[in-house]
Structures are given as C-alpha cells and as structure tokens.
Amino acid sequence: MFVEKCVIQCQKPHNKVFSRLPNNRAAAVIWKCFLYCNGLMDHIYVCQNMTTCSTWYKTPTHFSGTLDAFVKITRHEGLRSLWSGLPPTLVMAVPATVIYFTCYDQLRDFLRYGMGYQGTHVPLIAGGLARLGAVTVISPLELVRTKMQSRQLSYSELRVCIRSAVAQNGWLSLWRGWGPTVLRDVPFSALYWFNYELVKAELCDRYRRPQASFAVSFTAGAVSGAIAAVMTLPFDVVKTHRQIQLGEMDTLGAPLKKPSSTWHIMKNIWSEVGYRGLFAGLSPRVIKVAPACAVMISTYEFGKAFFHKRNEEQRQRGA
C-alpha cells in the first residue's frame with residue numbers, strides 16, 4: 001500500500017499545474033487564507049502578511065494552458081516547486097491509504113465469506129465503511145497539519161498548541177471538519193468500489209480473464225473514479241468552503257464562531273450561484289481524480305498479485 005502511494009507521486013507535477021490554472025484553482029480567497037489542492041490532500045495556506053506569502057502568490061502569473069503553466073512554474077520557481085508540499089501530504093496520505101485499503105479488503109471478504117452476502121452491494125458497503133474508518137482515525141492529524149502550515153513550530157511548541165486547543169474547545173475539536181469530509185469521501189468511496197468491481201468483472205468476462213490484469217484494473221479504476229468524482233462534486237465544493245472557514249478561525253485569529261453546517265453552505269451556494277456553483281471545477285476534478293484512482297488501484301492490485309504469487313512459491317518450496 002505504501003508502493004501505490006509513492007507511485008501516485010508521479011502525478012505531483014501534473015496536479016501542481018492544475019491547481020494553479022485559473023479555472024482549476026480551488027483557492028477561493030477569504031481574508032488571507034485559501035485552500036490549495038495538490039492532488040492527494042487539501043492544504044490550508046495561510047498568508048498573514050505579504051512578506052510571508054510564497055513568491056507565486058505575491059506575483060501571480062497568467063497561464064494560457066497546461067504546458068504554459070509547466071514552463072513558467074519551472075522557470076520562475078524551479079523544478080523542485082512542482083513537488084512542493086509533498087512531506088505534509090505523505091504524513092496523512094500514507095496512513096490514510098494503508099487503513100483504507102486494508103479495511104476495504106477485510107470488510108469485503110468478511111461480508112462475502114463470513115456473512116455469506118454475494119450481492120453487488122457488498123463493495124458499496126465495504127467501501128463506505130472503510131473510508132469512514134480511515135477518515136475518523138486520521139481526522140485529528142488535520143489540526144496538527146493546519147498548525148504546522150500556519151507558522152513554523154517546534155514539536156514542543158506544537159504539542160503545547162494542541163493541548164491549548166483541546167483545553168479550550170474539548171477533545172471533539174480534534175475532529176472539527178469531520179462532517180464535510182465524511183459527506184464527500186464516504187459516498188465517493190462507496191460509489192468508487194461499487195463501480196470498480198462491476199467494471200472489472202465486466203472487462204474480465206469480455207476478455208475471458210480469470211483475474212484482472214494491470215490494464216483491466218487501470219481502466220476500471222479510471223472509469224469508476226470519474227463517475228464517483230462527478231456524483232460527489234457538490235460535497236467537495238462544500239468541503240472547500242468549510243476548510244477555508246475553519247482555517248480562518250484556527251490559524252488567523254478570527255473570532256471564534258460556530259461553523260456553518262454543510263447544508264447551510266450548500267444552500268448559500270445554490271442561492272448565490274445556482275446549481276453550477278455546486279459543480280464548479282468539474283472538468284479539473286475529473287481530470288485529476290480519474291488517473292489518480294487508476295494508478296492507485298492498478299498498482300495496488302499488481303502489488304497484491306505479485307506478493308501472493310511470491311508467497312505461494314515460497315510455500316511450495318518449503319513443502
């Protein structure tokens with residue numbers, strides 16, 4: 001599971017460019033806090049004054065397209081900037097992916113072989129529950145990551161900061177933002193695994209393969225990822241607004257107020273922009289999510305098949 005998470009970093013420059021294109025940028029600026037998406041994780045970027053902002057934010061450049069963005073970002077900020085934000089991304093992405101994939105496989109097998117359920121609803125249930133568990137376990141790290149991104153803190157200072165936040169707002173404050181994340185990620189995962197298993201089975205039957213090949217897994221992952229991305233986009237838009245709101249309260253010293261509910265934010269977007277507002281950024285999201293899902297699941301399936309074959313060979317030699 002660590003392997004596919006590393007393989008997905010091949011898309012890091014691709015996602016960096018998409019996040020900076022005007023039509024793709026989810027950085028809806030409110031005050032001096034905005035959301036930056038790098039393809040694997042959402043980051044709250046804090047700019048308390050113009051001297052602490054990154055060069056690309058202080059001097060935004062107009063990009064005419066993807067290739068133009070690649071060239072200008074590399075020229076003005078260096079090649080390494082295409083992989084900026086990777087360490088904090090991996091801090092949350094790696095454990096989240098390990099928990100997620102492990103839980104899905106275990107839940108799916110338990111429902112099929114332990115409980116005797118064989119319907120197409122099994123991947124739907126297993127995928128949703130697996131993502132719910134992963135989000136719940138990893139959610140407290142969101143506060144830690146937000147504090148780290150707001151300013152440079154030593155580990156001892158970070159520990160004091162977290163203790164202070166818990167003392168003021170209680171332990172549940174560690175799960176602030178859990179609701180919008182669940183509303184986006186759980187339906188996405190349920191739909192993703194449901195469609196993935198269906199498409200994979202259909203392709204295996206069509207090409208008469210007993211097991212899914214790398215190409216079959218890649219295709220099924222891309223198709224199912226695109227479908228899930230489209231159907232859950234409104235929740236992704238709401239989560240973006242919610243994260244920016246929480247970033248203001250947590251890192252910019254804004255007056256502490258009760259965050260707007262998911263449905264309240266959705267209703268406001270609908271009244272101000274219409275249904276188009278809930279589907280803002282549809283094309284960039286599909287372009288980003290579909291290949292990411294394809295690479296992730298195909299490398300995961302390949303890794304499972306590789307180690308299963310290796311274990312079988314070792315078992316036969318031992319016998």
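The sequence shown runs 1 to 319 under the UniProt record's numbering.
By construction, the Cβ of each residue, glycine as well, lies at the ideal position given by its N, Cα and C atoms.
The structure displayed is predicted, hence computed values, not measured ones.
{"Check": "C-alpha distance - residue 190 paired with residue 196, whole-angstrom precision", "Outcome": "10 Å"}
{"Check": "Per-residue burial, residue 234 [other beta carbons within 10 Å of its own, 16 or more giving buried]", "Outcome": "buried"}
{"Check": "Whole-angstrom C-beta distance between residue 232 and residue 302, which should lie under 8 Å", "Outcome": "So it is not a contact: roughly 26 Å between Cβ atoms."}
{"Check": "Cβ pair residue 104, residue 130 closer than 7 Å", "Outcome": "yes"}
{"Check": "Reference residue 264, options 179, 78 and 204, closest by Cα", "Outcome": "179"}
{"Check": "Proximity to residue 293 [Cα-Cα], best of 78, 284 and 217", "Outcome": "217"}
{"Check": "Pairwise C-alpha distance: residue 287 and residue 226", "Outcome": "8 Å"}
{"Check": "Assigned exposure category for residue 182 - 16 Cβ within 10 Å defines buried", "Outcome": "buried"}
{"Check": "Exposure of residue 241, with buried meaning 16 or more beta-carbon neighbours within 10 Å", "Outcome": "buried"}
{"Check": "Separation of residue 299 from residue 198, as counted between CA atoms", "Outcome": "19 Å"}
{"Check": "Option in 204, 165 and 214 with minimal Cα separation from residue 304", "Outcome": "214"}
{"Check": "Pick from 318, 132, 275 and 229 that is closest to residue 320, judged by C-alpha positions", "Outcome": "This structure gives no information on residue 320, because the portion of the chain shown stretches from 1 to 319."}
{"Check": "Cβ-Cβ separation, residue 184 to residue 236 (assumed contact under 8 Å), whole Å", "Outcome": "5 Å"}
{"Check": "Beta-carbon proximity of residue 194 to residue 123, cut-off 7 Å", "Outcome": "yes"}
{"Check": "Buried versus exposed, by CB contacts within 10 Å (16 or more), residue 207", "Outcome": "exposed"}
{"Check": "Cα-Cα separation between residue 139 and residue 317, rounded to whole angstroms", "Outcome": "44 Å"}
{"Check": "Ranges of the beta strand (DSSP E) found wholly within the stretch 167-199, counting only runs of at least 3", "Outcome": "none"}
{"Check": "Assigned exposure category for residue 296 - 16 Cβ within 10 Å defines buried", "Outcome": "buried"}
{"Check": "Cutoff 8 Å; reference residue 212; Cβ partners in own chain excluding five residues on either side", "Outcome": "200, 203, 204, 220 and 301"}
{"Check": "Local Cβ density within 10 Å of residue 310, reported as buried at 16 or more and exposed below that", "Outcome": "exposed"}
{"Check": "Own chain partners of residue 353 with C-beta closer than 7 Å, once the 5 adjacent residues on each side are dropped", "Outcome": "What the structure shows of the chain is the stretch from 1 to 319, and residue 353 is not part of that stretch, so it cannot be assessed."}
{"Check": "Exposure of residue 192, with buried meaning 16 or more beta-carbon neighbours within 10 Å", "Outcome": "buried"}
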